[in-house]
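Under full-length UniProt numbering, think of the first position of the sequence shown as 1, with each following residue one higher.
Notes follow once the structure below has been shown.
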Amino acid sequence: MFLRQNPFVKLLIPFASGILIQWYLQPPGKIGVLILLIGGTLYSFFSLLKGFARWKYSWLSGAGLGAAMLAVGMLLAYIKDVRNHPLWMGHHYSAEQAIVAVLQEFPVEKERSYKAEAQVQYCIVEDSKQKVRGRIIIYFSKDSCNAHLKAGDQLLFQKSLQEIRNTGNPGAFDYKRYALFNEITHTIYLTDTEYVKLSENNISAWKKLIFKMRSYVLQTIRQYIKDPKEQGLAEAMLIGYREDLDKELLQAYTNTGVVHVIAVSGMHLAMLYWVINIVLQPLLRKSTTRWLHTLLVLLILWSFAFVAGGAASVVRAAVMFTFITIGRQINRNTSIYNILAAAAFFQLCYNPYWLWNAGFQLSYMAVLSIVVFYKPIYNLLYVRNEILNKVWQLASVSMAAQILTTPLALYNFHQFPIYFLLANLVVVPASSMVLVGTLLLTVIAPVRLLAVEMGKILEGLIWWLNSFIEIMGTFPLAVWSGIQIGVGQTVLLYIVIAAMFFWLREKNKAGLWTALAAIFLFWAIRAWAIYEVDRQRKIVVYHIPRYGVMDFIGGRNFYAVGDNAAFQDFAVQTFTLHPARTFQRVRRSEVMAGFSRHGNAIIFQGKKVLWINEALNETNLSGTIPVDIVVFSGNTRITTDKFFNQLTPKHIVADGSVPAGKARYWKRVCDSLQVPFHYTVADGAFVMNF
């Protein structure tokens with residue numbers, strides 16, 4: 001009955017399954033075509049039957065439709081994978097060839113460079129052009145001329161591209177897969193003398209308009225909101241531009257469970273939709289202008305979605321509001337479940353790889369959770385006072401949204417914000433005012449006097465909001481961090497939620513027993529994981545650009561050795577070391593069995609490790625010291641013959657702080673002496689288990 005009323009749910013399940021099968025099993029495209037032909041034939045044949053025969057064989061018709069949708073998902077994922085395209089540059093490019101590429105965005109300033117995505121158009125082969133397809137990331141040196149590059153600029157250069165690699169750090173984000181999902185497979189660093197800017201400007205009129213609108217919004221915010229911290233939040237909140245967002249402030253919003261107000265999402269589109277409907281309400285009074293209302297609403301919503309960067313969550317909201325608006329125009333009301341499934345279906349048709357996008361997953365789970373759980377939670381209390389009732393409504397929405405998003409948040413971010421309810425009660429209304437105010441600021445910007453006053457009001461409001469979040473982040477037990485669960489445990493948590501809801505609503509004990517069984521399995525998996533962790537003994541040399549850091553891990557404890565600057569670097573701690581230690585379920589310890597350290601010499605579980613950094617050169621080495629592992633950091637100066645005569649190492653590791661030229665030199669030496677060499681830049685983090 002449910003599937004009949006919500007046909008897109010029936011289509012979405014096999015469709016999404018096909019996408020997963022294609023990515024993880026990588027079957028050839030012919031398999032998808034064959035399944036599509038078989039499924040389509042079954043569905044067509046049994047759908048043409050009439051009377052009793054059609055009813056009797058309806059399951060075969062349904063199976064055929066499911067197989068066809070499975071195949072469609074497989075084929076779309078196959079086509080979207082740029083590596084399967086005959087013109088993919090990986091099939092044609094070689095290191096000596098020149099490349100013509102077009103910038104797809106304005107270069108963004110980073111700490112030591114400018115960064116931009118580029119579409120590769122041609123490989124130059126002996127004065128002839130080979131048309132190719134694919135995207136790369138270009139890092140430009142911080143020269144004055146590079147700062148003036150813009151979207152659409154066509155560049156010619158002849159320098160070897162570098163394939164994108166993962167860091168290999170334990171628990172690290174799979175950046176290589178993320179880039180591939182966006183058709184990006186290579187990267188390159190260019191100085192101002194290593195490329196030629198061609199006169200041709202290849203960018204569509206539509207993209208030019210989007211960039212102009214985006215640039216106008218950013219210039220307006222930067223002109224009238226002066227403080228960098230408040231300015232960065234306003235940019236992120238209105239159009240999703242995060243390059244100026246303070247990283248520690250972002251972490252504070254994450255820790256308090258309100259990072260959704262920064263990410264442009266359904267809440268932003270809902271607010272914009274509400275404002276648009278109020279402004280355009282007069283158009284609904286006449287039947288002759290109702291169509292104009294629909295057209296303007298959709299035009300503004302989708303323009304905002306594109307200006308905001310077209311993130312999965314904002315596109316989801318735009319698709320949903322499109323269905324709702326068109327449904328109202330033709331006087332058709334449909335199930336919210338069907339609208340959700342249809343929105344997901346069409347989004348995945350456009351980009352199947354959004355299925356792995358955390359924003360896509362959390363966005364749909366949040367809406368579904370509100371739809372399912374809001375009314376049961378709200379009905380738990382009856383509040384007479386109108387103001388308190390509004391507060392209870394907001395609290396109910398916040399609690400409802402948290403139910404189905406929590407398992408995904410634990411899996412992806414390994415933490416749970418304890419004070420999420422209190423934070424949302426304050427932040428959601430305040431951020432809504434900021435959002436509406438910032439929208440208004442972009443409208444009244446030409447009237448300087450009004451814009452200046454509005455900018456001051458917004459800057460004060462955002463400062464108060466940021467201060468509130470930062471103070472909340474200092475509360476005792478503000479965030480429960482270090483949570484590590486796998487895919488299986490995430491699925492079990494959803495089974496627990498579904499079974500408990502079924503038990504409470506239907507009063508059926510089967511739901512309770514199912515929930516208890518899932519809880520038992522969840523803790524059994526966790527107990528086994530803890531047992532395995534207690535037995536682990538390993539040495540990890542992390543890949544961190546410009547820094548050297550090692551962890552010596554015994555059971556659930558670790559001892560860290562490395563550059564002091566790395567331990568004080570917020571980004572290194574937040575995005576590399578903390579995730580790695582969470583993944584390995586370890587905590588810092590100053591005393592560990594089987595571990596001893598004497599300066600740069602370390603003995604761990606019988607293995608001798610020598611860390612050679614710039615503070616330890618050959619003048620510090622005396623006598624013969626047989627070691628198992630030598631770890632190089634920085635630009636150390638060691639005489640090769642003396643080094644091998646004194647140390648006789650079994651493994652040599654160069655970390656991310658070692659210059660590439662120095663690493664190539666040591667690799668040649670080690671290859672000639674048949675000593676294993678590991679360079680974290682090329683090979684990822686070094687992990688020795690024993």
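Even glycine gets a Cβ: it sits at the ideal position worked out from N, Cα and C.
Range covered by the alpha helix (DSSP H) that runs through residue i
i, result
"residue 296", "290-307"
"residue 473", "Neither: residue 473 is in no alpha helix (DSSP H) and is coded neither H nor E."
"residue 497", "487-506"
"residue 257", "From DSSP, residue 257 is part of no alpha helix (DSSP H); its letter is neither H nor E."
"residue 688", "Where residue 688 is concerned, there is no enclosing alpha helix (DSSP H), although the beta strand (DSSP E) it sits in stretches over 686-689."
"residue 75", "58-80"
"residue 672", "660-673"
"residue 122", "Taken as a continuous stretch (DSSP letters only), residue 122 belongs to no alpha helix (DSSP H), being part of the beta strand (DSSP E) at 114-125."
"residue 9", "7-25"
"residue 339", "336-350"
"residue 36", "29-47"
"residue 178", "175-181"
DSSP-derived helix/strand/coil call for residue i
i, result
"residue 540", "strand"
"residue 576", "helix"
"residue 437", "helix"
"residue 442", "helix"
"residue 158", "coil"
"residue 619", "A caution first: residue 619 carries a pLDDT of 49, below 50, which makes its placement in the model unreliable, though a value can still be read off. Looking at residue 619 - three-state DSSP - the assignment turns out to be helix."
"residue 399", "helix"
"residue 225", "coil"
"residue 379", "coil"
"residue 150", "coil"
"residue 238", "helix"
"residue 198", "strand"
"residue 595", "strand"
"residue 457", "helix"
"residue 322", "helix"
"residue 163", "strand"
"residue 204", "coil"
"residue 111", "coil"
"residue 287", "coil"
"residue 94", "coil"
"residue 389", "helix"
"residue 50", "coil"
is_contact[residue i, chain D] using C-beta, thresh 8 Å
i, result
"residue 114", "Here chain D cannot be found, since the structure has a single protein chain."
Residue(s) in a DSSP beta bridge with residue i
i, result
"residue 607", "604"
"residue 651", "629"
"residue 550", "541, 561"
"residue 678", "653"
"residue 512", "Answer by DSSP bridge pairing: none, since residue 512 is not bridged."
"residue 88", "133"
"residue 230", "Residue 230 is not bridged to any residue."
"residue 612", "632"
"residue 480", "416"
"residue 587", "557"
The ligand COA heavy atom lying under 7 Å from the CB of residue i
i, result
"residue 590", "Because no ligand of any kind appears in the structure shown, any question about the ligand COA cannot be addressed here."
Residue i - containing beta strand (DSSP E), residue span
i, result
"residue 417", "415-417"
"residue 185", "184-190"
"residue 129", "128-131"
"residue 135", "135-140"
"residue 101", "98-103"
Contact belief for residue i with residue j at Cβ below 8 Å, rounded distance in angstroms
i, j, result
"residue 120", "residue 156", "With a Cβ gap of about 11 Å, residue 120 and residue 156 do not count as contacting."
"residue 569", "residue 548", "Contact doesn't hold; Cβ gap of about 12 Å is too wide."
"residue 38", "residue 67", "6 Å"
Count Cβ pairs between the region 79-89 and the region 131-140 that sit closer than 8 Å; are there 3 or more? Yes, since at least three Cβ pairs between the region 79-89 and the region 131-140 fall closer than 8 Å, the two stretches touch.
Would you call the region 474-487 and the region 453-465 in contact, with 3 or more CB pairs under 8 Å? No, the region 474-487 does not touch the region 453-465.
Does the contact criterion of 3 or more C-beta pairs under 8 Å hold for the region 20-28 versus the region 68-77? yes
Contact between the region 521-534 and the region 437-450: three or more CB pairs below 8 Å? no
Assess, as a yes-or-no matter, whether the region 105-116 is touched by the region 137-148 under the definition of 3 or more beta carbon pairs within less than 8 Å. The way I'd put it, the region 137-148 does touch the region 105-116; three or more beta-carbon pairs between them come closer than 8 Å.
Is it a yes or a no for the region 287-299 touching the region 505-512, going by three-plus beta-carbon pairs under 8 Å? no
For the 8 Å Cβ check, are there 3 or more pairs between the region 631-647 and the region 536-552? yes
Does the count of Cβ pairs from the region 179-190 and the region 423-433 closer than 8 Å reach three? no
Count the C-beta pairs between the region 550-563 and the region 585-592 that are closer than 8 Å, then say yes if the count reaches three, no if not. yes
Is the region 311-323 touching the region 336-344, taking contact as three or more C-beta pairs under 8 Å? yes
So, do the region 575-591 and the region 167-174 have three or more beta carbon pairs nearer to each other than 8 Å? yes
Taking contact to mean at least 3 C-beta pairs separated by less than 8 Å, is the region 273-282 in contact with the region 594-606? no
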